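Just so we're aligned: 122 in my numbering is position 107 of the sequence shown, and the numbers increase by one with no gaps anywhere. Data block below; observations after.
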Amino acid sequence: MRIEEVKKSQRKQGRILVRLEDGSILRVTEEELLHFGLREGLELGGSELEALRTSAKASQAKAEAARMIGSRALSKQELTRRLVKKGSAAADAQAAADWLEEIGAVDDENYAAALVRHYGGRGYGPARVREELRRRGVDRELWDSALEEMPAAADILDKLLQKRGDLSDPRERRRASDALLRRGFGWDAVKAALGRYAEMEEGEP
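Right, dumping it as structure tokens:
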């Protein structure tokens with residue numbers, strides 16, 4: 016297959032457009048350009064063309080992965096899933112995620128700790144935070160160390176109850192406890208917080 020034209024993409028930096036004699040266009044990177052010696056008039060054999068296409072797909076997955084990580088932090092598993100959803104082969108997606116992990120752009124340990132601080136700071140309990148870690152594909156082996164970043168549950172609960180105001184009505188106490196349970200706090204912790212709140216109310220003049 017003969018290469019008719021080689022030119023830089025006007026839309027994406029670092030992308031090279033290679034137009035073949037059958038009218039198809041390969042989107043490659045500088046890496047493929049140099050490795051395969053791509054130039055106008057070059058004849059590519061069947062195996063060479065297939066190798067070029069395989070390399071180009073892997074490079075595109077890396078470029079897309081870098082773009083995703085540049086937009087927001089993701090776990091390695093999240094990144095891999097998103098790449099596959101965008102059309103990358105599973106092997107290319109995994110290789111791209113591995114590459115970013117190797118260079119430190121993907122760090123699940125730091126990501127997990129940041130998630131815990133974020134949701135703990137928003138008033139969510141351990142169960143809800145664990146669910147978020149699971150949903151985002153963080154390895155369970157990292158959960159315990161990440162959860163050390165959580166603010167003390169008692170402090171969070173006391174602040175949340177103070178915001179709710181008067182809880183002298185049993186129905187209001189039930190609503191408050193249900194809301195705290197939904198936020199991921201255990202019943203024992205919620206019960207203790209309600210007890211502290213009642214003692215504080217009784218102690219006020």
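Note that the Cβ used here is the ideal one computed from N, Cα and C, for glycine as well. Fair warning: this is a prediction, and the values are worked out from it, not measured in the lab.
If I measure Cβ to Cβ from residue i and keep anything under 8 Å in the same chain, skipping five residues before and after, which residues do I get?
i    : result
L98  : A76, E79, A80, M83, D107, A108, A111 and A112
G135 : V144, E164, M165, P166 and I171
K7   : Outside the displayed span of the chain (16 to 220) sits residue 7, for which this structure offers no information.
K174 : G138
R188 : L182 and L209
E55  : I18, E19, E20 and V21
Going by beta carbon distance, what residues of the same chain come within less than 6 Å of residue i, once the five residues before and after it are set aside?
i    : result
E58  : R17
S192 : V205
Q92  : G152
Quick check on the DSSP output: the beta strand (DSSP E) that includes residue i runs from which residue to which?
i    : result
R190 : Looking at the DSSP string, R190 is not in any beta strand (DSSP E); the run it does join, the alpha helix (DSSP H), is P185 to R197.
I118 : Run containing I118: none; DSSP gives neither H nor E here.
L172 : Per DSSP, L172 belongs to no beta strand (DSSP E); it is in the alpha helix (DSSP H), A168 to R179.
L32  : R30 to L35
Name the two residues that bound the continuous alpha helix (DSSP H) containing residue i.
i    : result
I40  : Element bounds for I40: not the alpha helix (DSSP H) but the beta strand (DSSP E), I40 to T44.
R97  : K91 to K100
S160 : W158 to L162
Who are residue i's beta bridge partners in DSSP?
i    : result
E146 : DSSP, once it has assigned bridges, lists no residue as partnering E146.
R17  : E58
K22  : L32
Note down, in chain order, each residue of its chain lying with its Cβ closer than 7 Å to the Cβ of residue i, except the 5 sequence neighbours on either side.
i    : result
T95  : A108, Q109 and A112
L157 : D123, E124 and A127
R179 : A191
R34  : E19, E20 and I40
Using 7 Å as the cut-off, classify the Cβ of residue i as near or not near the heavy atoms of the ligand SAH, replying yes or no.
i   : result
I84 : Questions concerning the ligand SAH fall outside what the structure shown contains, since it holds no ligand whatsoever.
Report yes or no: do the region 145-160 and the region 178-193 share at least 3 C-beta pairs separated by less than 8 Å?
no
Is the region 66-73 close to the region 122-139, with three or more CB pairs under 8 Å?
no
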